[in-house]
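K.L.:
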Amino acid sequence: FLTFEGDLKWDHMDLTYRVINYSPDLDHSVIDDAFKRAFKVWSDVTPLTFTQIYSGEADIMIMFGSQEHGDGYPFDGKDGLLAHAFPPGQGIQGDAHFDDDEFWTLGTGIVVKTRHGNANGAECHFPFIFEGHSYSRCTTEGRTDGLPWCATTASYDRDKKYGFCPSELLYTMGGNSDGSPCVFPFIFEGTSYDSCTTDGRSDGYRWCATTANFDQDKKYGFCPNRDTAVIGGNSQGDPCVFPFTFLGQSYSSCTSEGRQDGKLWCATTSNYDTDKKWGFCPDRGYSIFLVAAHEFGHSLGLDHSSVREALMYPMYSYIQDFQLHPDDIQGIQYLYGRGSGPEPTAPVPMPTEEPQPTEAGSTSTTEEEEETPEPTAEPVPVDPSRDACMENNFDAITEINGELHFFKDGKYWTHSSFWKSGIQGAFSVADTWPGLPAVIDAAFQDLLTKRVFFFAGQKFWVFSGKSMLGPRGIEKLGIGKGAGRISGALQRGRGKVLLFSGENYWRLDVKVQRVDKGYPRATDDVFTGVPLDARNVFLYQDKYHFCRGSFYWRMTPRYQVDRVGYVKYDILQCP
Amino acid sequence: PLHSKPQAVVTFPGELVSSLSDLELAESYLLRFGYATEVEVEARTGSKHVSLAKALRRMQKQLGLEETGELDASTLEAMRAPRCGVPDVGS
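For the record, the sequence lines run as chains A and B.
With the numbering used here applied, the first sequence corresponds to residues 54 to 628, in that order.
With the numbering used here applied, the second sequence corresponds to residues 6 to 96, in that order.
(1) Looking at C-alpha atoms only, which residue of A:Gly-133, A:Thr-56 and A:Cys-600 is the closest neighbour of Gly-618 (chain A)?
(2) Is the beta carbon of Pro-296 (chain A) sitting closer than 7 Å to the one on Ser-288 (chain A)?
(3) Which residues bound the alpha helix (DSSP H) around Phe-480 (chain A)?
(4) Between Val-505 (chain A) and Ile-453 (chain A), how many whole angstroms is the CB-CB distance? I'm expecting something under 8 Å.
(5) Comparing C-alpha positions only, which one of A:Gly-533, A:Gly-531 and A:Phe-497 sits nearest to Ser-517 (chain A)?
(6) Would you kindly work out how many angstroms separate the C-alpha atoms of Glu-176 (chain A) and Met-443 (chain A), rounded to a whole number?
(7) If you follow the beta strand (DSSP E) that Phe-117 (chain A) is in, where does it begin and where does it stop?
(8) Determine the extent of the beta strand (DSSP E) in which Ala-204 (chain A) is found, giving its start and end residues.
(9) Who are Glu-650 (chain A)'s beta bridge partners in DSSP?
(10) Roughly how far, in whole angstroms, is the beta-carbon of Trp-514 (chain A) from the beta-carbon of Gly-526 (chain A), given that I think they are within contact range, below 8 Å?
(11) Please compile the residues from chain B whose C-beta is within a distance smaller than 9 Å of the C-beta of Gly-286 (chain A).
(12) Who are Leu-522 (chain A)'s beta bridge partners in DSSP?
(13) When you compare only the Cα positions, how much space is there between Ile-385 (chain A) and Pro-77 (chain A)?
(14) So if DSSP puts Pro-292 (chain A) in a beta bridge, which residue, or which two residues, is it bridged to?
(15) For Tyr-40 (chain B), report the span of its alpha helix (DSSP H) as first-last.
(16) How would you label Asn-229 (chain A), buried or exposed, when you count the other beta carbons within 10 angstroms and need 16 or more for buried?
(17) Listed in chain order, which residues of the stretch 62-77 of chain B have Cβ atoms closer than 8 Å to some Cβ of chain A?
(18) Which residue from A:Thr-205, A:Glu-456, A:Val-236 and A:Tyr-224 puts its Cα closest to that of Gly-216 (chain A)?
(19) Closest to Asp-484 (chain A) by CA distance: which of A:Asp-148, A:Ala-509, A:Leu-501 and A:Lys-519 is it?
(20) Just mark Asp-381 (chain A) as buried or exposed, buried being the case when its beta carbon has 16 or more other beta carbons within 10 Å.
(21) Please name the residue or residues paired with Ala-441 (chain A) in a DSSP beta bridge.
(22) Tell me, please, which residues DSSP counts as bridged to Thr-298 (chain A).
(23) Looking at C-alpha atoms only, which residue of A:Ser-603, A:Ser-220, A:Phe-179 and A:Ser-187 is the closest neighbour of Asp-198 (chain A)?
(24) Please report the Cβ distance between Phe-117 (chain A) and Leu-68 (chain A), rounded to the nearest whole angstrom; I am assuming they are in contact, meaning their Cβ atoms lie under 8 Å.
(25) DSSP state of Ser-469 (chain A), grouped into three classes?
(26) Could you have a look at Lys-570 (chain A) and say whether DSSP puts it in helix, strand or coil?
(27) If I measure Cβ to Cβ from Gly-59 (chain A) and keep anything under 7 Å in the same chain, skipping five residues before and after, which residues do I get?
(28) In whole angstroms, give me the CA-to-CA distance for Ser-340 (chain A) and Pro-487 (chain A).
(29) Out of curiosity, what's the CA-to-CA distance linking Glu-423 (chain A) and Ala-207 (chain A)?
(30) Are Ile-182 (chain A) and Asp-212 (chain A) close, meaning C-beta to C-beta below 7 Å?
(31) Can you tell me whether DSSP reads Ile-385 (chain A) as helix, strand or coil?
(32) Answer with buried or exposed for Ala-495 (chain A), where buried requires no fewer than 16 other C-beta atoms within 10 angstroms of its C-beta.
(33) Kindly list the residues whose CB is nearer than 8 Å to the CB of Tyr-366 (chain A), restricted to its own chain and excluding five residues on each side of it in sequence; keep chain order.
(34) For a test of the three-state rule: what should DSSP assign to Trp-157 (chain A), helix, strand or coil?
(35) Which runs of the alpha helix (DSSP H), 4 residues or longer, sit entirely within the stretch 178-244 of chain A?
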C-alpha cells in the first residue's frame, strides 16, 4: 500500500460527508446506501466514524459531474476515468467526485427501484410475466395514464406485486419543486417542450418544468433516467424508442448492428436513418459501491496499491462478494490504527479426516499455507506423433505454472505465450501425474499453494508436485450427487474457485475444501452470453474462457463477452 | 458465432471515437498518471526512446504487468481499462 506524501490524514476520527447531488442512473436511496456501505468498509477496521449531513461543509463532499466539473481535473465521457478524490485536508481536500457519463449500477446491470404500487419500493424483477407475456423492461401496458411500471417478482399474473418505474411523469430530482413530476408541455424561453431537455444547461443534465410555464413560474426539477435510458451517444438519458428503423430494418430491441465493437445501442426516435439520434443501451455499468469504497480510501489518505486484488488498485474490476484486502487494511491501520473492529478470525483448520499424503510432506496448515515445491523438472518423454492442432476439442484446459495445459485422452500439450515457444508435447498424463485416469474433465491450480486439482466423473484428485491425495468423491466438497461432469474452473482470488457443471456453478473454498453456502447458482445469471453447455471453462490472462466445439467465448472480469474465436487458431496459434 | 454476411459499419454522430494512435495514447496515459514528466516525453521525440521505455516499465511495475518496457498488447489493454483518475505517481 501507499499513503500520500507526508502521510496526509485527518486530525479527527468522527468524519462527516455530504452528497451534493445524485446521478439519475439510480434512486437516491440506492446511492445513499452504497455510500454508507462504502464508508463502513473503512470504519469496520479503524476507529473512524462517518456521519452523513445534508447541509453545510462536510469533511468529505461527494458529487457527480461530467467532463470539467469545477476542479480543473475533467472527466472523459463514458469509461476511461470513473472517479477521483483528494487526500485529507481543508476545502476540496478529502472530496470525492464521480463521472456521471458512466452508467452507475451495483455492478451487475441496471437497478430499477420502484415507487408506490404495493411492493414497498422493491426492485423490478426482469423478466416478468404480465397477461401471459414476458417483459424485460418497464411497460405502460395495462395502464391508461402512460406511467411505466414493472412487477417485482417473476410473475405479476401470479403474485400481483408491482411498482412504478423511475420516470419524469412520476417524480423529479433536485431542482426547486420537492420532487414534483414534470408538466408537459411546458414553456421555456418561449418554446414549448413535451419532454425533458438539456437546453439551457452546460452540464448535460435533463430537466423539465414542474408547471406549464417555466418562464413565468421558474419551477423545475431533474429527470430521473428511465430503465431504457441510453448512455452517451448524442442523446444521453433519453429513452430508447422501440421499434426503430435503422438502414431500412426495424428493430424492437437493442442491437450491435452497424458497430464493430459489439456494443449494444438503440435509437431514441422511431427512425434513426432520418433523425440520427442514438445512444448505448444499459450495460452492466460500474458498481457505485466499489468505486466509492476506493475513492473514500483516497479521501482518508491512501494512495494506489500495486496489489491487483487490493481495493486501492487503480483499475476497476467487479467483485461479487467484496472483502477488504489485507494490503488495504494494513494501509489504513498504518494511518488510523485498528479501532474496535472484530479481531481477524483464526483460519479454519483443514478437515481432519483428509488422509495424510503418501509422501512425507507438510500436513499441517500453517497461517499461510506453505507453497508446494515446484515439481522437479525431470525430463518427461514427448510423443511427437500426437499433434494438438489435429484435435477438434480437449478434455480439459487450464493454466498450470503459467503455461496453458490442453488435455486429451491421456495426453497433454502445453503452450506458453510468455516464452513464445509454441506448443510443447504431447506428454503423458500418467508420467507427470501418476495415478490420474487417462481422461479427465477439468483441472485447476490453486494459485496460493500451487496444488493442482483434477476432476473426472464424480471424483477429484489433488496433486502437490508428484504426491497425490485422492481420489475422493466430489460430494465431499459439498457438490450434490446430481451434478454432472465438472466442465471447468475459474480462480477468483482469496482462496475461492468457481466450479462449473451443466448450467450451474459452485464457489469452492480451496482451503477448507467445501463449497460455500448459497450455491449452486445459475451460470446464466452472471455469465450471460456464454454457452451453457461449455466443454471447458478456464481463466487465462485474467479473462474467463468458455469453450464449445472448436470455438471459445472470452469474457472480461466485467462479464462482457469481448471475443468469440477459434481455440486452435487464436489460443493455440495453430498454423 | 461468426457472422457470415458482411457487416455494414456506421459512423454514429456524437460518438467519441478515440483517434489517438497507440503511441499517443501511451504518452497521454503516462503523463496523466505521473509515470512520465513533460521533459521525458519531449526527450523521446529527440530519438531518446529510453525515456518512454523507462516510463512504461515504471507503469508496468506499478500495475503488476509484465515489465517489458514495450507497448505490448497487455499494456495497451491496461491503458484502455476503466480506472480511478488519481495519478499513480507524484502528487
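No residue lacks a Cβ here, since even glycine has one placed at the ideal position from N, Cα and C.
P.N.:
So, to answer that:
(1) It is A:Cys-600.
(2) Contact check for Pro-296 (chain A) against Ser-288 (chain A) fails: the beta carbons are separated by 7 Å or more.
(3) Careful: Phe-480 (chain A) lies outside any alpha helix (DSSP H), inside the beta strand (DSSP E) at 475-481.
(4) Cβ-Cβ separation between Val-505 (chain A) and Ile-453 (chain A): approximately 6 Å, consistent with a contact (criterion under 8 Å).
(5) Answer by Cα proximity: A:Phe-497.
(6) Our two residues, Glu-176 (chain A) and Met-443 (chain A), have alpha carbons roughly 51 Å apart in a direct line.
(7) 113-118 is the span of the beta strand (DSSP E), which, as asked, contains Phe-117 (chain A).
(8) First-last of the beta strand (DSSP E) with Ala-204 (chain A): 202-204.
(9) The structure shown does not extend to residue 650 (chain A), since chain A spans only 54 to 628, so no value can be given for it.
(10) Contact doesn't hold; Cβ gap of about 12 Å is too wide.
(11) Residues of chain B with a Cβ closer than 9 Å to the Cβ of Gly-286 (chain A) are, in chain order, Phe-17, Pro-18, Gly-19 and Glu-20.
(12) DSSP output for Leu-522 (chain A) lists A:Val-515 as bridge partner(s).
(13) Each residue's alpha carbon lies about 32 Å from the other.
(14) Bridge partners of Pro-292 (chain A) according to DSSP: A:Ala-282.
(15) From DSSP, Tyr-40 (chain B) is part of no alpha helix (DSSP H); its letter is neither H nor E.
(16) Answer is exposed; the Cβ neighbour count stays below 16.
(17) Within the stretch 62-77 of chain B, the qualifying residues are Lys-66, Gln-67, Leu-68, Gly-69 and Glu-71.
(18) Gly-216 (chain A) has its Cα closest to that of A:Thr-205, out of A:Thr-205, A:Glu-456, A:Val-236 and A:Tyr-224.
(19) Answer by Cα proximity: A:Lys-519.
(20) The residue is buried, with at least 16 neighbouring Cβ atoms inside 10 Å.
(21) Residue pairing of Ala-441 (chain A) in beta bridges, as defined by DSSP: absent, with no partner found.
(22) Answer is A:Ser-303 and A:Asn-324.
(23) Of all alpha-carbon atoms in A:Ser-603, A:Ser-220, A:Phe-179 and A:Ser-187, the one lying nearest the alpha-carbon of Asp-198 (chain A) is that of A:Ser-220.
(24) For Phe-117 (chain A) against Leu-68 (chain A), the beta-carbon gap comes to about 20 Å, at or over 8 Å, which does not count as contact.
(25) Three-state DSSP puts Ser-469 (chain A) in a strand.
(26) In the structure shown, Lys-570 (chain A) sits in coil (DSSP, three-state: anything other than H, G, I, E or B).
(27) Closer than 7 Å at Cβ, skipping near neighbours: no residue.
(28) Pairing Ser-340 (chain A) with Pro-487 (chain A), the inter-Cα distance amounts to about 46 Å.
(29) Here the model assigns Glu-423 (chain A) a pLDDT of 41, short of 50, so the residue's position is not dependable and the matter cannot be decided.
(30) Taking 7 Å as the cut-off, the beta carbon of Ile-182 (chain A) is found no closer than this to the beta carbon of Asp-212 (chain A).
(31) Ile-385 (chain A): helix per DSSP, three-state reduction.
(32) Around the beta carbon of Ala-495 (chain A), a 10 Å sphere encloses 16 or more other beta carbons of the protein chains shown; the residue is thus reported as buried.
(33) Cβ contact annotation for Tyr-366 (chain A) (same chain, cutoff 8 Å, sequence separation greater than five): His-357, Ser-358, Ser-359 and Val-360, in chain order.
(34) Strand, per DSSP.
(35) If you keep only unbroken alpha helix (DSSP H) runs of at least 4 residues inside the stretch 178-244 of chain A, you get 209-212.
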